[in-house]
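J.: Residue numbers (our numbering): 871 to 1238. Once you've had a glance at the structure underneath, I'll fire off some questions.
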Amino acid sequence: MLITPPCYEWNMARTAKPSISATTSISATSCSEFVLHRGDAMSAYAHWHQPDTIISDGAYGLGGFPSDPYDTSSLAEWYAPHVQAWASLASPATTLWFWNTEQGWASVHPLLINSGWVYEQTIVWDKGLGHTAGNSNGKTLRRFPVVTEICVLYSRKLELPSTNGILPAQQWLRYEWQRSGLALSLANEACMVRNAATRKYLTSDRHWYFPPPDMLVQMALFANAHGKPTNRPYFTLDGENLPTAEEWGKLRYKWNFEHGVTNVWSHPPVNGKERYRGNSLRSAPRIHNPGSNSALHLNQKPLEFMRRIVNACTDPGDVVWEPFGGLCTASVAALELGRKAYAAELVETFADIAESRLQEAVRPLRAA
Ligand SMILES: C[S@@+](CC[C@H](N)C(=O)[O-])C[C@H]1O[C@@H](n2cnc3c(N)ncnc32)[C@H](O)[C@@H]1O
């Protein structure tokens, strides 16, 4: 049987965990725990290890940093090369967290969907009423004051090879079982459940569930043992072998459940000791004046949020990409949690502060 190799095979081949060699050059600082690329992320991606998660906090269309456009009309264009690169370098289990305003996200969402990213959920950052202070003129405002940003989680669309071409995972499972000539209800016997396998894993409706690795292996073994001998093998990913539980598990993104955390995250904008101060670089790089009391970077994210994101969808040793680093908050969280961080930042002043934060974050790891 001839099966066209799916594009993910190439991507899967990149999943061995990285060892980052220690080098410093004009454009990148790299050590065994992180890489900070000083320049355009586009020129760094190909050199980075395959991401387990990508945390994007790029342009908002608010003119918030030097390359940020002043409205959202060109945002999709701004993100297009990055989205394409992420799609081609991701594994089937890579997640993407896309920070933006509601309007900014809405203008980029179709691009993400067309590039094979699947919408999972929206996190709403509620900055609280304090965020409106001094910003809301009740006489002129003709809408409710905005105190939110959002962070949208995407996964990769999983498509698998079959004798009928590449199929979305849900269709593929049903197709493989039906090809064996076995009644759908026998999947329950294969999985040793009363009716859950047929109802959850082989359904064609919206109640479909991604089969856990042990269930997929049971179905594959059963179909290959009892299905039509002429059409074997069933449920193969490479045209020959049955998938192992580990191989099947790697096709799905990780999720580490945290009790009590919902999709609304309340936190004031970063303040106090956590906030880096200095001249803000809103529209053009200026000399950094650490004595200034204004926020150095208008978009500095709460470290707590980045820790939560990193923790949710990666394990220690996994790879976190932060293409639009700013002060590299996501990478700091990644390092604190024992992940490998790959970040890029265009503006030298931001990259300098980011680098000192990253060095600070790895210090306890090295001392341990
Ligand atoms: C919204 S800020 C990120 C803030 C960050 N999350 C933090 O907590 O500090 C976006 C940053 O991306 C940088 N940037 C924009 N385009 C970039 C590119 N193509 N490559 C690398 N950095 C870029 C900007 O200079 C800006 O500092």
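We put the CB at the ideal spot given by N, CA and C, even for glycine. Quick caveat: nothing in here was measured; it's all calculated off a predicted structure.
Please state the DSSP three-state secondary structure of Phe1175.
T.: Your numbering for residue 1175 matches position 305 in the sequence shown. Reduced to three states, the DSSP call for Phe1175 is helix.
J.: To the nearest angstrom, report how far apart Leu999 and Gly1142 are at their CA atoms.
T.: Position 129 of the sequence shown, counting from 1, holds the residue named residue 999. Position 272 of the sequence shown, counting from 1, holds the residue named residue 1142. Answer to the nearest angstrom: the Cα atoms are 18 Å apart.
J.: Do Thr964 and Arg1049 have their CB atoms nearer than 7 Å?
T.: As a first step, residue 964 must be located in the sequence shown, where it is residue number 94. As a first step, residue 1049 must be located in the sequence shown, where it is residue number 179. No, the pair does not count as a contact, with Cβ atoms beyond the cut-off.
J.: Can the beta-carbon of Gln973 be found less than 7 Å from the beta-carbon of Thr1010?
T.: As a working note, residue 973 is residue 103 in the sequence shown. As a working note, residue 1010 is residue 140 in the sequence shown. Not in contact: Gln973 and Thr1010 (Cβ atoms no closer than 7 Å).
J.: Quick one: using the 10 Å Cβ neighbour count with 16 as the cut-off for buried, is Ser1241 buried or exposed?
T.: Given that the chain is displayed from residue 871 to residue 1238, the structure contains no residue 1241 and the question cannot be resolved.
J.: Among residues of its own chain, excluding the 5 on either side of Ser895, which ones have a beta-carbon nearer than 8 Å to its beta-carbon?
T.: Here residue 895 corresponds to residue number 25 of the sequence shown, with the count starting at 1. In this prediction, Ser895 scores a pLDDT of 48, lower than 50, which makes its location untrustworthy; the coordinate-derived value is nonetheless stated afterwards. Contacts found: none.
J.: At the level of alpha carbons, what is the spacing between Leu932 and Asn1169?
T.: Your numbering for residue 932 matches position 62 in the sequence shown. Your numbering for residue 1169 matches position 299 in the sequence shown. Their Cα atoms are separated by approximately 11 Å.
J.: Using a Cβ-Cβ cutoff of less than 6 Å, which residues in the same chain neighbour Trp918 once the five nearest sequence positions on both sides are dropped?
T.: As a working mapping, residue 918 is identified with position 48 in the sequence shown. Counting only Cβ-Cβ distances below 6 Å, and skipping sequence neighbours, we find Tyr1212.
J.: Would you say Phe1105 faces chain B, with C-beta separation under 7 Å as the test?
T.: The structure shown contains no chain B; it holds only a single protein chain.
J.: By DSSP, does Asp996 sit in helix, in strand, or in coil?
T.: As a working note, residue 996 is residue 126 in the sequence shown. Strand.
J.: Distance, Cα to Cα, Leu1166 vs Leu1043?
T.: Mapped onto the sequence shown, residue 1166 falls at position 296. Mapped onto the sequence shown, residue 1043 falls at position 173. In a straight line, the C-alpha of Leu1166 is about 51 Å away from that of Leu1043.
J.: For Arg1236, report the span of its alpha helix (DSSP H) as first-last.
T.: Your numbering for residue 1236 matches position 366 in the sequence shown. That run of the alpha helix (DSSP H) goes 1218 to 1237.
J.: Does His1129 pass the burial test, meaning 16 or more other C-beta atoms within 10 Å, or should it be called exposed?
T.: Against the sequence shown, residue 1129 aligns to sequence position 259. Exposed.
J.: Going by Cα to Cα distance, which pick from Tyr915, Asp922, Met912, Arg908 is closest to Leu1121?
T.: On the sequence shown, residue 1121 is found 251 positions in, with the first residue counted as 1. The candidate whose alpha carbon is nearest that of Leu1121 is Asp922.
J.: Considering Arg1044, what are the terminal residues of the beta strand (DSSP E) in which it resides?
T.: Stepping through the sequence shown from its first residue, residue 1044 is reached at position 174. Arg1044 -> not in any beta strand (DSSP E); alpha helix (DSSP H) instead, spanning 1039 to 1049.
J.: Please tell me whether, using a cut-off of 6 Å, the distance from the CB of Ala1211 to the nearest non-hydrogen atom of ligand 1 is below it.
T.: As a first step, residue 1211 must be located in the sequence shown, where it is residue number 341. The answer is no for Ala1211.
J.: Which residues in the same chain have their Cβ closer than 8 Å to the Cβ of Ala950, if we skip the five residues on either side of it in sequence?
T.: Here residue 950 corresponds to residue number 80 of the sequence shown, with the count starting at 1. Closer than 8 Å at the Cβ level, and outside the excluded window around Ala950, lie Leu981.
J.: For Ala1214 and His907, which I take to be in contact (beta-carbon distance under 8 Å), what is that distance rounded to the nearest angstrom?
T.: For this step, residue 1214 is matched to residue 344 along the sequence shown. For this step, residue 907 is matched to residue 37 along the sequence shown. The Cβ separation is near 4 Å, so the contact holds.
J.: Do you know offhand how far Leu1173's Cα is from Thr1002's?
T.: Here residue 1173 is taken as the residue at index 303 of the sequence shown, counted from 1. Here residue 1002 is taken as the residue at index 132 of the sequence shown, counted from 1. Going from the Cα of Leu1173 to the Cα of Thr1002 covers about 22 Å.
J.: Sorted by chain position, which residues of the same chain lie with C-beta nearer than 6 Å to Glu1117's C-beta, five sequence neighbours on each side aside?
T.: Reading the sequence shown from its first residue, position 247 is the one you call residue 1117. There are no such residues.
J.: Excluding sequence positions up to five away, which residues of its chain have a Cβ less than 6 Å from the Cβ of Gln1040?
T.: Here residue 1040 corresponds to residue number 170 of the sequence shown, with the count starting at 1. Excluding positions up to five away in sequence, the list reads Trp1078.
J.: So, for Ala1204: in the same chain, excluding its five sequence neighbours on each side, which residues have a beta-carbon less than 6 Å away from its beta-carbon?
T.: Taking the first residue of the sequence shown as position 1, residue 1204 is located at position 334. Hits under 6 Å: Val1180, Val1190, Ala1211.
J.: State buried or exposed for Phe904, treating a residue as buried only when at least 16 other CB atoms are found within 10 Å of its CB.
T.: Residue mapping note: residue 904 aligns to position 34 of the sequence shown, counting from 1. With 16 or more Cβ atoms within 10 Å of its Cβ, Phe904 is classed as buried.
J.: May I have the straight-line CA-CA distance separating Pro1138 from Asn1034, to the nearest angstrom?
T.: Along the sequence shown, read from residue 1 onward, the residue named residue 1138 stands at position 268. Along the sequence shown, read from residue 1 onward, the residue named residue 1034 stands at position 164. Rounded to the nearest angstrom, the two C-alpha atoms are 52 Å apart.
J.: Report the start-end ranges of each beta strand (DSSP E) in the stretch 940 to 976 that is 3 residues or longer and not cut off at the edges.
T.: The stretch 940 to 976 contains these whole beta strand (DSSP E) runs: 965 to 970.
J.: Assess, as a yes-or-no matter, whether the stretch 1051 to 1067 is touched by the stretch 1080 to 1093 under the definition of 3 or more beta carbon pairs within less than 8 Å.
T.: Contact holds: three or more Cβ-Cβ distances are below 8 Å.
J.: Would you kindly report the start and end of the unbroken beta strand (DSSP E) that includes Glu1019?
T.: As a position in the sequence shown, residue 1019 is number 149, starting the count at 1. Unbroken beta strand (DSSP E) run through Glu1019: 1018 to 1026.
J.: Give the single residue among Thr1184, Gly1195, Ser1032, Gln1229 whose Cα lies nearest to the Cα of Gly833.
T.: The chain is shown only over 871 to 1238; residue 833 falls outside these bounds and no answer can be derived.
J.: Could you tell me whether any non-hydrogen atom of ligand 1 is closer than 6 Å to the CB of His1167?
T.: Working through the sequence shown from its first residue, we reach residue 1167 at position 297. Checking the Cβ of His1167 against ligand 1 gives yes.
J.: Assign Tyr878 to buried or exposed, taking buried as 16 or more other Cβ atoms, counted over all protein chains shown, within 10 Å of its Cβ.
T.: Stepping through the sequence shown from its first residue, residue 878 is reached at position 8. Here Tyr878 scores only 33 on pLDDT, less than 50, and its place in the model should not be relied on; the value that follows carries that caveat. When all chains shown are included, Tyr878 counts as buried.
J.: Taking 7 Å as the threshold (C-beta atoms), are Trp995 and Trp1135 in contact?
T.: Start at 1 with the first residue of the sequence shown, and residue 1135 comes out as number 265. Start at 1 with the first residue of the sequence shown, and residue 995 comes out as number 125. In this structure, Trp995 lies closer than 7 Å to Trp1135 by Cβ.
J.: For Ser985, tell me which candidate among Arg1064, Ala957, Val978 has the shortest Cα-Cα distance.
T.: Looking up residue 985 in the sequence shown gives position 115. Nearest of Arg1064, Ala957, Val978 to Ser985, Cα basis: Ala957.
J.: Going by beta carbon distance, what residues of the same chain come within less than 7 Å of Leu945, once the five residues before and after it are set aside?
T.: Counting from 1 along the sequence shown, the entry for residue 945 is found at position 75. If we look at Leu945 and ignore the five residues flanking it on each side, its Cβ neighbours are Ala929, Gly931, Pro939, Gly974, Ser977, Val978.
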